[in-house]
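*Asks:* The structure that follows is given in the form of structure tokens.
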Amino acid sequence: MTASSRFKVPFFLHDLGQEEIDAVAAAIRHPVLTTGETVARLEAQLAEYLGCRHVLATTSCTGALHISLLALGIGPGDEVITTPMTFIATAAAILEAGATPVFVDVEPETGNLDVGCVAAAITERTRAILPVHLYGRLCDMVALRELARQRGLHLIEDAAHCLEGRSGEVRPASLGDTACFSFYATKNITCGEGGALAVNDDALHERLRLLRLHGMTKSGAERASRGYEHWDMVLMGWKYNMSNIEAALLLPQMGRIERNLARREALAQRYEVGLAGLDGVRLFAPPAPGTRHARHLFPILVEGRLPRDGWIAALHAEGVSVMVNYRPVHLTRYFSERFGFKPGSFPVAEWIGERVISLPLYPRMSDADVDLVVEALHRIARG
Ligand SMILES: *Cc1c(COP(=O)(O)O)cnc(C)c1O
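Here UniProt numbering is used: position 155 in the sequence shown is 155, and no number is missing along the way.
Take a look at the structure:
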């Protein structure tokens, strides 16, 4: 595989290979390309991996979040509490459902929703809390579930970074009404564009299944296998069903999830050792005892001599490709104009947003790649 890049260490390289090529070729030889038996196999494997009752594969995490809100009856006039330290999709899904996102600030040590601030943001209109397990670290789901129970709220997890994360026995979808995942191009397992949602409640699962495909009582694959049968539209749905081709691309990766996580964990620990005590570079808190970080991203916080964008330029000059996850959602032009947010609205999210840089982290990286990035950061810090 050629990485056509001016970078010595690209930000991300996928690890798809012959197994995936063979699986996609087999999917194309099969007469049913749309949502069918291959998608069902992927859903069963994801449900088994997560230890939950049902999984529905979707075209994106954004779509999964959107129909999760709709299935729980959330819409115009309702408020949903979420974090500004996330990708815009989290808040956009709330708008797509017709509801209003209400942001709450985050913890400086993790970037996750500050559970202590959530209660103060609850109003008569609040219907749900939508936490994001940022970078792969599970939020305090026990505290969030308890608060949701006390106040009669739904709990929807944006687990786009956190397929593998755990805190004790708690995993994505253990305590949320639904948990939503992304298989976007740079996520831990990927089919280019895709997603899934996990749900335990049978009735909610049935509503979500209908919402995923136009509220139709029969799917295309059912028509193909059994011959034409009349179908009905029983509710207003969307078009978020995954195809057998994407499912085929994802299935071989299910067998590598744990191995790939172990590799990312080793790379993350190598970064942590290499960067410990370096002036101008701060790390987020290490994973708490008894938890498992999904290590989707390896973010650092930079300060000192250079502003953050200066660090990025210097890393690029050293041949290291990096990203920013994230500049906070409330200060994007759309959200600030529509809702009147100003700098200072969520100071911790802004503090992270001004300092954070994501370093390369993916299983194909070598130890030497990490060392190259670490040495570059040491040179930049020395000036
Ligand atoms: C990638 C991502 C999403 C969106 O996922 P899509 O599958 O592209 O819709 C949502 N939330 C977070 C935190 C993400 O990183």
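Glycine included, C-beta positions come from ideal geometry on N, C-alpha and C.
To the nearest angstrom, report how far apart Leu46 and His54 are at their CA atoms.
*Replies:* The straight-line gap from Cα to Cα measures roughly 9 Å.
*Asks:* By DSSP, does His296 sit in helix, in strand, or in coil?
*Replies:* Here His296 sits in coil by DSSP.
*Asks:* Can we count Cys61 as close to ligand 1, meaning its CB is less than 7 Å from some heavy atom?
*Replies:* Cys61: yes, Cβ under 7 Å from ligand 1.
*Asks:* For Arg259, which residues from the same chain have a beta carbon less than 8 Å from its beta carbon, with the 5 sequence-adjacent residues on both sides left out?
*Replies:* Counting only Cβ-Cβ distances below 8 Å, and skipping sequence neighbours, we find Pro363.
*Asks:* Under the three-state reduction of DSSP, which class applies to Leu113: helix, strand or coil?
*Replies:* In the structure shown, Leu113 sits in a strand (DSSP, three-state: E or B).
*Asks:* What is the DSSP secondary structure of Thr62, counted as helix, strand or coil?
*Replies:* Residue state, collapsed to three classes: helix.
*Asks:* According to DSSP, simplified to helix, strand and coil, what is Phe335?
*Replies:* In the structure shown, Phe335 sits in a helix (DSSP, three-state: H, G or I).
*Asks:* Would Pro328 be called buried (16 or more neighbouring beta carbons within 10 Å of its own) or exposed?
*Replies:* Burial call: buried.
*Asks:* Answer with buried or exposed for Ala368, where buried requires no fewer than 16 other C-beta atoms within 10 angstroms of its C-beta.
*Replies:* It is exposed - the Cβ of Ala368 has fewer than 16 other Cβ atoms within 10 Å.
*Asks:* Using CA atoms only, rank isn't needed, just tell me which of Ile300, His14, His293 is closest to Arg171.
*Replies:* Closest by alpha carbon: His293.
*Asks:* How is Gly195 classed by DSSP in three states: helix, strand or coil?
*Replies:* Residue state, collapsed to three classes: strand.
*Asks:* Starting from the N-terminal side, write out each stretch of the alpha helix (DSSP H) that is 4 residues or longer and does not extend beyond the region 209-253.
*Replies:* Runs found: 220-226.
*Asks:* Helix, strand or coil, according to DSSP, for Ala288 in the structure here?
*Replies:* Ala288 falls in the coil class under three-state DSSP.
*Asks:* Is Asp78 helix, strand or coil by DSSP?
*Replies:* Looking at Asp78 - three-state DSSP - the assignment turns out to be coil, as it is neither helix nor strand.
*Asks:* Based on Cα-Cα distance, which residue from Ala91, Ala314, Ser5 lies nearest to Tyr334?
*Replies:* Per the Cα distances, Ala91.
*Asks:* Quick check: the Cα distance between Leu175 and Arg305, rounded to an integer number of angstroms?
*Replies:* Cα to Cα, Leu175 sits roughly 44 Å from Arg305.
*Asks:* Does the pairing of the region 140-157 with the region 28-45 give three or more beta-carbon distances under 8 Å?
*Replies:* Verdict: no, contact absent.
*Asks:* Contact check, Ala317 vs Met85 under 8 Å by CB: the rounded distance?
*Replies:* About 28 Å separates the two Cβ atoms, so there is no contact after all.
*Asks:* According to DSSP, what are the bridge partners of Ser182?
*Replies:* Gly195, per the DSSP bridge assignment.
*Asks:* Can you name the start and end residues of the beta strand (DSSP E) that His378 belongs to?
*Replies:* Run containing His378: none in the beta strand (DSSP E); it sits in the alpha helix (DSSP H), 367-382.
*Asks:* So, using beta-carbon positions, are Tyr271 and Val370 closer together than 8 Å?
*Replies:* A contact, by the Cβ cut-off of 8 Å.
*Asks:* Taking just the CA atoms, how far does Asp232 sit from Glu206?
*Replies:* If you take the alpha carbons of Glu206 and Asp232, they lie about 15 Å apart.
*Asks:* For Val115 and Asp140, I'd like the C-alpha separation in whole angstroms.
*Replies:* The alpha-carbon atoms of Val115 and Asp140 are separated by roughly 7 Å.
*Asks:* Take the Cβ of Glu109 as the centre, count every other Cβ of all protein chains shown within 10 Å, and call the residue buried at 16 or more, exposed below.
*Replies:* By the 10 Å Cβ count, Glu109 comes out exposed.
*Asks:* Quick check: the region 216-231 against the region 264-279, are at least 3 beta-carbon pairs closer than 8 Å?
*Replies:* Too few Cβ pairs lie closer than 8 Å, so no.
*Asks:* Would you list the residues sitting across from Ile352 in a DSSP beta bridge?
*Replies:* Note: Ile352 sits in no beta bridge, so no partner.
*Asks:* Go through its chain and collect everything with a Cβ distance to Ala248's Cβ below 6 Å, but skip five positions before and after it.
*Replies:* Excluding residues within five positions, the ones whose Cβ falls inside 6 Å are Ala23, Val24, Ala27, Thr38.
*Asks:* With DSSP as the reference, label Asp201 as helix, strand or coil.
*Replies:* Coil, per DSSP.
*Asks:* Give me, in chain order, the residues of the same chain whose beta-carbon lies closer than 7 Å to that of Phe298; leave out the 5 immediate sequence neighbours on both sides.
*Replies:* Around Phe298: Ala268, Tyr271, Ser358, Leu359, Leu361.
*Asks:* Sorted by chain position, which residues of the same chain lie with C-beta nearer than 6 Å to Leu261's C-beta, five sequence neighbours on each side aside?
*Replies:* Only Glu164 meet the Cβ criterion.
*Asks:* What whole-angstrom Cβ distance do Met242 and Ala57 have, given they're in contact under 8 Å?
*Replies:* That pair is a contact at about 4 Å.
*Asks:* Taking Arg379 as the reference, give the member of Leu278, Val356, Phe346, Ala285 with the closest Cα.
*Replies:* Selected option, being the one with the closest Cα: Leu278.
*Asks:* In this structure, what does DSSP give as the bridge partners for Ser167?
*Replies:* BP columns for Ser167 point to Val170, Thr291.
*Asks:* Which value, in whole angstroms, describes the spacing of the CA atoms of Asp201 and Asp309?
*Replies:* Approximately 46 Å between the Cα atoms of the pair.
*Asks:* Which class does Phe7 belong to by DSSP, given the choice of helix, strand or coil?
*Replies:* It is coil, neither helix nor strand.
*Asks:* Buried or exposed: where does Gly77 fall if 16 or more other Cβ atoms within 10 Å of its Cβ makes it buried?
*Replies:* Gly77 should be labelled exposed.
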